[in-house]
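Encoded as structure tokens, the structure appears first; notes follow it.
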Amino acid sequence: MQEMCLSDNPFTGKIPDFIGNWTNLKLLRLEGNYFEGPIPSSFPKLTSLESLRIIGLSNVSSSLDFIRNLKNLTSLILRNALITGSIPSDIGELQNLQNLDLSFNNLTGHIPSALFTIKLLGIGPKPNTFSYAELRAATDDFSPLNKLGEGGFGSVYKGKLFDGRVVAVKQLSVASHQGTSQFVTEIATISMAWTLYESNQSLGLLDPTLVEFDENEALRMIRVGLLCTQASPMMRPPMSRVVTMLAGDIEASPVVSKPSYLTDWDFKDITSSIEAENTPSTGSEHSDNKNKNNLNPGIELEASPLNITKFSDIIGEGR
């Protein structure tokens, strides 16, 4: 056996120690479960492992000492896995490593200088970023031969990175007025959704003409949608978990923070004036989630009086 995925299943207890005997494993994924730490002491025997992904361990912490023997690793993701101690000074010997994620742990000490010899490195909530020159090279200077299609924001191109990975590159253009309008509309919608969620009035986001629907299902969809709009990729759930949350197989995680780009770009909440219009007069009871039709702002976002100059600057040519 070379691949084992135990993701998004209600497994509990400790990670089985016998997994360390599967010495031919090349891929191991443990996420979306209820496993407890520590990481088994048998894991150093998985010397053929190329991709290890463990997300969300509880109770008992682990160190990173076990990775020293895993010389074939290209991807190591140990996120929110109760990893303690320091990063091994000899981690730079993992010369095949291209993707490293140790975010949301309790690591201490200094980052070893050897880490910076790794070609592609990502520690913490920042994703890999590429310069405009790298993207031009990957797409043969945005050659028409690599064009995959046209969207509201601009054209989408097929690109091949220097390490051989194939990616889709969207070239945003300020000349695309439709794209700019869509961009502002989407941000406005997220702003409205967050405000209603924060005030426990999420069902106000629904079309007021809806008569029969499952309220719990609607609230679940809205919550998952807000989770997927978090600015940090480390705070967004993987698609496998999104599917299980939408299906109702597992509970949707609570949304803990406002999407940061609403704050970073000083986006003015378009719902503030609308909520004022919908606020009941003195003596009236405030509406809750069940009074959904009275909460829906009923606005046309395209027609909202938003200044898009700032967003036009953000969506610069080729950015």
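Counting in full-length UniProt numbering, the sequence shown runs from 1 upward without gaps.
Cβ coordinates follow ideal geometry from the N, Cα and C atoms, glycine included.
Query - Segments assigned alpha helix (DSSP H), at least 4 residues, entirely inside the stretch 12-52 - result: none
Query raised in the report: Does the beta-carbon of Ile53 have 16 or more other beta-carbons within 10 angstroms, so that it is buried, or is it exposed?
Result: For the purposes of this step, residue 53 is taken as residue 53 along the sequence shown, with counting starting at 1. The sequence shown places Arg at residue 53, not Ile. Arg53 comes out buried.
Report task. Output the boundary residues of the beta strand (DSSP E) element that contains Ser155. Result -> As a first step, residue 155 is located in the sequence shown; it is residue number 155 there, counting from the start. Element bounds for Ser155: Gly154 to Lys160.
Query raised in the report: Are the beta-carbon atoms of Glu50 and Lys14 separated by less than 9 Å?
Result: On the sequence shown, residue 50 is found 50 positions in, with the first residue counted as 1. On the sequence shown, residue 14 is found 14 positions in, with the first residue counted as 1. Against a cut-off of 9 Å, the Cβ pair of Lys14 and Glu50 comes out as no contact.
Query raised in the report: With C-beta atoms as the reference, is Thr115 less than 9 Å away from Ile91?
Result: Working through the sequence shown from its first residue, we reach residue 115 at position 115. Working through the sequence shown from its first residue, we reach residue 91 at position 91. In the sequence on display, residue 115 carries Leu and not Thr. Contact flag set, yes.
Query - For Ser199 and Leu219, believed in contact at Cβ under 8 Å, the rounded distance - result: For the purposes of this step, residue 219 is identified with residue 219 of the sequence shown, where counting begins at 1. For the purposes of this step, residue 199 is identified with residue 199 of the sequence shown, where counting begins at 1. Leu219 to Ser199, Cβ: 14 Å. No contact.
Query raised in the report: Can you check whether the CB of Met245 is closer than 9 Å to the CB of Leu227?
Result: Within the sequence shown, residue 227 is the residue found at index 227, counting from 1. Within the sequence shown, residue 245 is the residue found at index 245, counting from 1. For Leu227 and Met245, yes; Cβs fall inside 9 Å.
Query - Option in Thr47, Asn33, Leu206 and Leu6 with minimal Cα separation from Asn96 - result: Within the sequence shown, numbered from 1, the residue matching residue 96 stands at position 96. Ranking Thr47, Asn33, Leu206 and Leu6 by Cα distance to Asn96 puts Thr47 first.
Requested in this report: Report yes if the C-beta distance between Arg79 and Ser103 is below 9 Å; otherwise report no.
Outcome: On the sequence shown, position 79 is the one that residue 79 refers to. On the sequence shown, position 103 is the one that residue 103 refers to. Yes, they are a contact pair.
**Report entry** Local conformation of Asn9 per DSSP, three classes
**Finding:** Indexing the sequence shown from 1 puts residue 9 at position 9. Three-state result, Asn9: coil.
Query - Contacts around Ser89, its chain only, beta-carbon distance under 8 Å, and the 5 residues preceding and following it disregarded - result: One-based indexing of the sequence shown puts residue 89 at position 89. Cβ within range, chain order: Pro112 and Ala114.
Query raised in the report: With distances taken between CB atoms, is the gap from Asn9 to Gly32 smaller than 9 Å?
Result: Counting from 1 along the sequence shown, the entry for residue 9 is found at position 9. Counting from 1 along the sequence shown, the entry for residue 32 is found at position 32. The answer is yes: Cβ separation under 9 Å.
Query raised in the report: Run through DSSP, which three-state label would Asp163 get?
Result: Working through the sequence shown from its first residue, we reach residue 163 at position 163. Residue state, collapsed to three classes: coil.
Requested in this report: In angstroms with no decimal places, state the Cα-to-Cα distance between Ser155 and Arg68.
Outcome: On the sequence shown, position 155 is the one that residue 155 refers to. On the sequence shown, position 68 is the one that residue 68 refers to. So the two alpha carbons sit approximately 44 Å from each other.
Report task. Give the single residue among Glu134, Ile77, Ala247 and Lys71 whose Cα lies nearest to the Cα of Leu94. Result -> Taking the sequence shown and counting its residues from 1, the one referred to as residue 94 is at position 94. Checked all of Glu134, Ile77, Ala247 and Lys71; the closest Cα to Leu94 is Lys71.
Query raised in the report: By a C-beta neighbour count over all protein chains shown, 10 Å radius and 16 as the cutoff for buried, is Thr12 buried or exposed?
Result: By 1-based counting over the sequence shown, the position of residue 12 is 12. Thr12 is exposed by the Cβ-count criterion.
Report task. Just mark Val167 as buried or exposed, buried being the case when its beta carbon has 16 or more other beta carbons within 10 Å. Result -> Walking along the sequence shown from the start, residue 167 turns up at place 167. Per the 10 Å Cβ criterion, exposed.
Query - Secondary structure of Ser75, DSSP reduced to three states - result: Position 75 of the sequence shown, counted from the first residue, corresponds to residue 75. Note: Ser75 maps to strand in three-state DSSP.
Requested in this report: Output the distance between the C-alpha atoms of Ser63 and Gly149, rounded to the nearest integer angstrom.
Outcome: As a working note, residue 63 is residue 63 in the sequence shown. As a working note, residue 149 is residue 149 in the sequence shown. Approximately 46 Å between the Cα atoms of the pair.
**Report entry** Under the three-state DSSP convention, the category Val211 falls into
**Finding:** Here the question's residue 211 lines up with position 211 in the sequence shown. Correct three-state label for Val211: coil.
Report task. Can you give me the start and stop residues for the beta strand (DSSP E) that Leu246 sits inside? Result -> To locate residue 246, count along the sequence shown from 1; it is residue 246. Leu246 -> not in any beta strand (DSSP E); alpha helix (DSSP H) instead, spanning Met239 to Leu246.
Query raised in the report: To the nearest angstrom, how far is it from the Cα of Ile187 to the Cα of Leu107?
Result: Start at 1 with the first residue of the sequence shown, and residue 187 comes out as number 187. Start at 1 with the first residue of the sequence shown, and residue 107 comes out as number 107. The alpha-carbon atoms of Ile187 and Leu107 are separated by roughly 35 Å.
Query raised in the report: Would Thr195 be called buried (16 or more neighbouring beta carbons within 10 Å of its own) or exposed?
Result: Position 195 of the sequence shown, counted from the first residue, corresponds to residue 195. So Thr195 ends up on the buried side.
Query raised in the report: Taking buried to mean at least 16 other C-beta atoms within 10 Å of its own C-beta, is Arg165 buried or exposed?
Result: Residue numbering aside, residue 165 sits at position 165 when the sequence shown is read from its first letter. Exposed.
Query raised in the report: Roughly how many angstroms separate the alpha carbons of Ala138 and Gly159, rounded to a whole number?
Result: On the sequence shown, residue 138 is found 138 positions in, with the first residue counted as 1. On the sequence shown, residue 159 is found 159 positions in, with the first residue counted as 1. Rounded to the nearest angstrom, the two C-alpha atoms are 5 Å apart.
Query - Separation of Ser75 from Val169, as counted between CA atoms - result: Numbered from 1 along the sequence shown, position 169 holds the residue referred to as residue 169. Numbered from 1 along the sequence shown, position 75 holds the residue referred to as residue 75. Approximately 22 Å, taken between the alpha carbons.
Query raised in the report: Looking at the unbroken alpha helix (DSSP H) that takes in Leu135, where does it start and where does it end?
Result: Taking the first residue of the sequence shown as position 1, residue 135 is located at position 135. Where Leu135 is concerned, the enclosing alpha helix (DSSP H) stretches over Tyr132 to Ala138.
Query raised in the report: Quick one: Cα of Tyr34 to Cα of Phe162, how far?
Result: Residue numbering aside, residue 34 sits at position 34 when the sequence shown is read from its first letter. Residue numbering aside, residue 162 sits at position 162 when the sequence shown is read from its first letter. Computed Cα separation, rounded: 38 Å.
Query - Residues near Asn99 in its chain [Cβ-Cβ closer than 6 Å; skip 5 each side] - result: Here residue 99 is taken as the residue at index 99 of the sequence shown, counted from 1. Here the set comprises Ser75.
**Report entry** Nearest-angstrom Cα separation, counted from Thr23 out to Lys258
**Finding:** In the sequence shown, the residue the question calls residue 258 occupies position 258. In the sequence shown, the residue the question calls residue 23 occupies position 23. Going from the Cα of Lys258 to the Cα of Thr23 covers about 43 Å.
Query raised in the report: Mind checking Thr282: buried by the 16 CB within 10 Å criterion, or exposed?
Result: Translated into the one-based positions of the sequence shown, residue 282 becomes position 282. With a pLDDT of only 41 at Thr282, under 50, the local geometry of the prediction cannot be trusted, and the value read off the model is given with reservation. Answer is exposed; the Cβ neighbour count stays below 16.
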